[in-house]
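In what follows, a structure is listed as structure tokens, so that the remarks can point back to it.
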Amino acid sequence: MLGERAYRYDAGKCLIASMEVPIRAEITRAAPERPYLAFSLTLDPATISDLLLELDGTDDAPAGAALAVHAFGPELAHPLCRLLALCDRPRDIAILAPLVRREITWLLLSGPMGPALRQIGLAGSRMARIGRAIACIREGFADQLNIRQLAEVAGMSPATFHRHFKAVTAMTPVQYQKQLRLQEARRLLLSDDADVARIGYAIGYESPSQFSREYRRLFGSPPGRDGQEIRRSLTPQVEG
1 MLGERAYRYD AGKCLIASME VPIRAEITRA APERPYLAFS LTLDPATISD LLLELDGTDD
61 APAGAALAVH AFGPELAHPL CRLLALCDRP RDIAILAPLV RREITWLLLS GPMGPALRQI
121 GLAGSRMARI GRAIACIREG FADQLNIRQL AEVAGMSPAT FHRHFKAVTA MTPVQYQKQL
181 RLQEARRLLL SDDADVARIG YAIGYESPSQ FSREYRRLFG SPPGRDGQEI RRSLTPQVEG
């Protein structure tokens, strides 16, 4: 989930994330005999910029969504399998892994997923400018939000910034900050001695009641109970 937008993908599909966004994920199908397995690959923006020189039609396009789901075929599956196979050949990793990663990046850029990724390598693209504003929000997520200042960082008017920000993240800047705060709160609640009010203040809330209310609206349970349930689910069950 990104904001209120759901992305569903399974075997034969991949999720492309063109920038850091606060998401909520759920595994809906998994069993001991058919475990859930996933592969994550972080793409290098410098490699993307380098490969863009070999592509035509890389003009700045309207900023698309930060997440996109695509199907992929054998042409992409084969190099991914070769990259994974290098785990059994550690001597070859330093030499071959960068080459295979570059091949994968090229296939992504030149295929149907390309438009979502090309913006990463264009320093002046709308996606990159929104990304700079997002970095500011993430760095000071507990501080009061200044939309005019964020718009200046992105090199846009406040109205244009607001429109492009929502197109990319499916949220307003205020909603994005709220998601960051509440997800950080959930992480802090994993501690056994977590104090709900103290956590609320630490992430930028001035009112513990407002923190609890918004936390429950996002995660379905008040913070204290949710923290207990998460810690319980992570505790190994000893069979007697």
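Going by the working numbering, 68 is the number at position 68 of the sequence shown; the sequence numbering is gapless. Glycine is no exception: its CB is placed at the ideal position from the N, C-alpha and C atoms.
- The alpha-carbon separation between leucine 41 and glycine 204 amounts to approximately 33 angstroms.
- Distance check between leucine 43 and each of Gly114, Glu75, His78 places Gly114 closest, using alpha-carbon atoms only.
- Here the alpha carbons of valine 196 and proline 112 stand approximately 45 angstroms from one another.
- For isoleucine 137 and isoleucine 27, the gap between their C-alpha atoms comes out near 28 angstroms.
- A straight-line Cα-Cα distance of about 10 angstroms links glutamate 54 and isoleucine 48.
- Scanning its chain for C-beta atoms nearer than 8 angstroms, with the 5 sequence neighbours on each side dropped, one finds around leucine 145 the residues Ile137, Pro173, Val174, Gln177, in chain order.
- Counting of Cβ neighbours within 10 angstroms places glutamine 210 among the exposed residues, the total staying below 16.
- Cα atoms of proline 79 and arginine 163: separation of roughly 38 angstroms, rounded to the nearest angstrom.
- For alanine 68, the enclosing beta strand (DSSP E) has its first and last residue at 67-71.
- If the five residues before and after leucine 190 are omitted, its C-beta is found closer than 8 angstroms to the C-beta atoms of Gly227, Ile230, Arg231, Leu234, all from its own chain and listed in chain order.
- For the pair of segments examined, the region 117-129 was found to touch the region 14-25: the number of CB pairs separated by less than 8 angstroms reaches three.
- If one requires a minimum length of 3 residues, no beta strand (DSSP E) run lies completely within the region 88-147.
- Within the DSSP secondary-structure output, arginine 5 pairs in a beta bridge with Leu2.
- Note: isoleucine 16 is bridge-paired with Ala68 in the DSSP secondary-structure output.
- Closest in C-alpha terms to histidine 70, from the list Leu117, Pro222, Ala30, Gln149, comes Leu117.
- Residue pairing from DSSP places arginine 34 in a beta bridge opposite Ala31.
- Ranked by Cα distance from valine 100, the first of Arg91, Leu84, Pro90, Ser221 is Leu84.
- Secondary structure at alanine 170: coil, using DSSP grouped into helix, strand and coil.
- A residue is called buried when at least 16 other Cβ atoms come within 10 angstroms of its Cβ; isoleucine 104 meets this threshold and is buried.
- Under the three-state reduction of DSSP, glycine 155 is assigned to coil, being neither helix nor strand.
- For aspartate 50, the three-state secondary structure derived from DSSP is helix.
- Glutamate 26 carries a coil assignment under DSSP once its states are collapsed to helix, strand and coil.
- In the three-state scheme derived from DSSP, where H, G and I count as helix and E and B as strand, threonine 160 is classed as helix.
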